[in-house]
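Chains as they are written, first to last, in my numbering: chain W, 1 to 380; chain L, 1001 to 1380.
Below: one structure, written as structure tokens.
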């Protein structure tokens, strides 16, 4: 992956090439061994006036004429691209596939970014009426506080923990430790969410190489990471249409399917990269994924149960909050972090004896959730 | 599918529901039998300020929580969505999948549409410098005329034939027969391409239901259409980077793969829906697909060899030219036409003894080509 951040001197295309070339080098293959590409990008049409991102990636990487397909599912675009790459190998069409995610967000005004991101929700019923994403997640936070007694300090604890993890991730946007007091003193963006509850606007790209299982085990017996489960679910675009504002049904459904596929339970997972676009989203995720009971996520965060090498290590990369959130790249970055952890290469933020990792990538306010469970391939 | 045209009183969402509901009814299933959705849409972010089209489709159709994924490959978005649906069934993940394509283009200014469509090509090297799509295809036409002696009248013959076919397609945007003289007298858009060489701006949606082969043969022994081949290839985004301006390498590569998969040759195909965004594109397509020798496409068109029930029936739907071109929907509409023809349901434009149909869907100026070959399932 590229470093995540404000890359005023790197274009969309340059970031694609940097992440793609690093992934190919890491896999120890030649570009010509790739048989297809899947790319996740959410809002390139509005942010850089460019669609047809699949072809762009193959072109910039010098990979034509292999097929190259863009997938879009708002902030879950990267995770969905990974899933399509996975399914394409499962179909037998290909053996070796590259999956990339990329977004270039800092070349347009903050207003234009807000409008582009609003396209992840229900344009007609939410954005048109002024409900930007911080407002939508603020509604969820307020309701979670009312129903379960979750506090602003408990939400702040997620941000503090993610900034602490990011201190040890050289690819993270922020290398700045923060305190609960820092979060509580930061200005309200949409009450009760404050500046330091919100993930930032970020440029960045991430890429991975997928390979059919038997081939991967032969080529990389100690390095390969196995995909044990892949699942995806949907929900209404608009928050107002849902039965609950404090749980994401798409996450719950995808989790049930993923754990069944992997024949694992939440207790078997050592680390999870979850979609903390706002701190309340991390609290809801760790509940909906079954790591903690519904309503107990805030207390668990405040008690340190999601810190590095605690009960479960959540967002060791720094999460969207501190590693940054280039929307189309985030889902692929989660997979990259899972791989590094399962290989024991996450220096300074390594989870001890990491055997199973989970990634949970959300689009919009929960209308898409895509999930994967990974295992170190050298273990039985 | 919806009728293609200028639907000032139907929204993007309404068109999704109309096409989706018709496809479900045609398949004789219940919506709850669907296990996943794939949707093709190119430029919804710019045209209706809405991304996350996969979730939108599932939401509008009342299909949540099943997975729903948007694919984007410019004007090949529909074809690529169909291919991803096909691969997802081949992977074993699903048995019954809906594939839709949709675009709502007439709610913004012509300038905004031109900029949105420009995102299909190379924004930095083409659109930024003023090369809109008619200009790019005009360069190809001029070169084809120089190398092979193709004439403006030969190109016009494609438009005349496609308008004649559209007279019998109730879903077509135009029901207006035109003559060679009409085309020749229409104003230049980008010389040598005239108004009647160009496909129009269109609203519309199309949808199909895909089902695992054995299940389809059991459920619909006489109605099901079999997918014999699916292929996709890429090329450089920018025309200037290619070796040839008179052939699309992505089409040639995809055709080679598709015919090999289907164990068929061009002579075995009775009808083809090809991507005639401009008349010159149809001439290049029938050459690159192997129906005619390179350089002989113009003469073949003028000689009537691509007319209904001639040597090969090309664009019986009316093609992009006369059926209309809602970009994300076009690739799925091609599949719909192929199905109707192979079932013998294309009243007034029916190809006699149609056994094999081919669809060729192009993104941009040829940076993506996705192709499918279909067979009537009740024949051995």
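Backbone N, C-alpha and C fix where the C-beta goes; we use that ideal spot for every residue, glycine too.
Who pairs with residue i in a beta bridge, going by DSSP?
| i | result |
| --- | --- |
| residue 1278 of chain L | L/1198 |
| residue 1388 of chain L | A question about residue 1388 of chain L goes unanswered here, because the residues of chain L that appear run from 1001 up to 1380. |
| residue 120 of chain W | None; residue 120 of chain W has no bridge partner. |
| residue 273 of chain W | W/359 |
| residue 1375 of chain L | L/1226, L/1356 |
| residue 397 of chain W | The requested residue 397 of chain W is not part of the displayed model; chain W covers only 1 to 380. |
| residue 209 of chain W | W/98 |
| residue 1039 of chain L | L/1070, L/1100 |
| residue 1332 of chain L | Residue 1332 of chain L is not bridged to any residue. |
| residue 193 of chain W | W/190 |
| residue 314 of chain W | W/272 |
| residue 75 of chain W | W/73 |
Is residue i close to chain L, meaning its C-beta is less than 7 Å from at least one C-beta of that chain?
| i | result |
| --- | --- |
| residue 42 of chain W | yes |
| residue 134 of chain W | no |
| residue 88 of chain W | yes |
| residue 93 of chain W | yes |
| residue 35 of chain W | no |
Would you mind telling me which residues of chain W sit closer than 9 Å to residue i, beta carbon to beta carbon, in chain order?
| i | result |
| --- | --- |
| residue 1071 of chain L | 54, 69, 70, 71, 72, 84 |
| residue 1024 of chain L | Going along chain W, no residue has its Cβ under 9 Å from residue 1024 of chain L, so there is no contact; the nearest lies around 17 Å. |
Is there a Cβ of chain W sitting closer than 7 Å to that of residue i, yes or no?
| i | result |
| --- | --- |
| residue 1119 of chain L | yes |
| residue 1381 of chain L | Because chain L here runs from 1001 to 1380, residue 1381 of chain L falls outside it and cannot be looked at. |
| residue 1080 of chain L | yes |
| residue 1262 of chain L | no |
Can you list the residues of chain L that residue i reaches, using a CB-CB cut of under 9 Å?
| i | result |
| --- | --- |
| residue 111 of chain W | Within chain L, no residue comes near residue 111 of chain W; the closest Cβ sits about 13 Å away, beyond 9 Å. |
| residue 236 of chain W | 1055, 1058, 1059, 1064 |
| residue 312 of chain W | Within 9 Å Cβ-Cβ: nothing; residue 312 of chain W doesn't reach chain L, min ~25 Å. |
| residue 115 of chain W | 1049 |
Below 8 Å on C-beta distance, what does residue i contact in chain W?
| i | result |
| --- | --- |
| residue 1335 of chain L | The premise fails here: residue 1335 of chain L is roughly 17 Å from chain W at the closest Cβ pair, so nothing lies under 8 Å. |
At a CB-CB cut-off below 7 Å, which residues of chain W make contact with residue i?
| i | result |
| --- | --- |
| residue 1051 of chain L | 42, 43, 72, 74, 119, 120 |
Please list, in chain order, the chain L residues whose beta carbon lies closer than 8 Å to that of residue i.
| i | result |
| --- | --- |
| residue 123 of chain W | 1048, 1049, 1050 |
Give the residues of chain L in contact with residue i, contact being defined as C-beta atoms less than 7 Å apart.
| i | result |
| --- | --- |
| residue 232 of chain W | 1067 |
I'd like to know if residue i contacts chain C, where contact means its C-beta is closer than 7 Å to some C-beta of that chain.
| i | result |
| --- | --- |
| residue 1033 of chain L | Looking at the structure shown, chain C is missing, and the protein chains on hand are W and L. |
Hey, is residue i close to the ligand NAD, as in C-beta under 6 Å from one of its heavy atoms?
| i | result |
| --- | --- |
| residue 205 of chain W | Questions concerning the ligand NAD fall outside what the structure shown contains, since it holds no ligand whatsoever. |
Interfacial residues, the segment 196-221 of chain W to chain L, with Cβ spacing under 8 Å | none
The segment 269-284 of chain W touching the segment 152-166 of chain W, judged by at least three CB pairs closer than 8 Å = yes
Along the segment 1353-1374 of chain L, what residues have a CB closer than 7 Å to any CB found in chain W?
-> 1363, 1364, 1367, 1368
For the segment 1327-1341 of chain L against the segment 1235-1253 of chain L, are there 3 or more C-beta pairs whose distance is under 8 Å?
-> no
Between the segment 223-243 of chain W and the segment 316-324 of chain W, are three or more C-beta pairs nearer than 8 Å?
-> no
Can at least three beta-carbon pairs, one atom from the segment 1088-1096 of chain L and one from the segment 1106-1118 of chain L, be found at a separation below 8 Å?
-> no
Name, going along the chain, the residues of the segment 1246-1259 of chain L whose beta-carbon falls closer than 7 Å to a beta-carbon of chain W.
-> 1249, 1250, 1253
Examine the Cβ distances between the segment 120-135 of chain W and the segment 354-372 of chain W and report whether three or more of them are shorter than 8 Å.
-> yes
Could you tell me whether the segment 33-43 of chain W touches the segment 54-63 of chain W, where touching means 3 or more Cβ pairs closer than 8 Å?
-> yes
Per the contact definition of three or more C-beta pairs closer than 8 Å, is the segment 340-358 of chain W in contact with the segment 253-270 of chain W?
-> yes
Tell me, please, whether the segment 1181-1192 of chain L touches the segment 1295-1311 of chain L by the rule of three or more beta-carbon pairs shorter than 8 Å.
-> no
Touch test, the segment 43-54 of chain W against the segment 1113-1129 of chain L, Cβ-Cβ under 8 Å, three pairs minimum | yes
Counting pairs of Cβ atoms below 8 Å between the segment 1076-1083 of chain L and the segment 73-84 of chain W, do you hit three or more?
-> Touching, no.
Inter-stretch contact at 8 Å, needing at least 3 Cβ pairs: the segment 335-349 of chain W / the segment 166-173 of chain W | Result yes; three or more Cβ-Cβ pairs closer than 8 Å.
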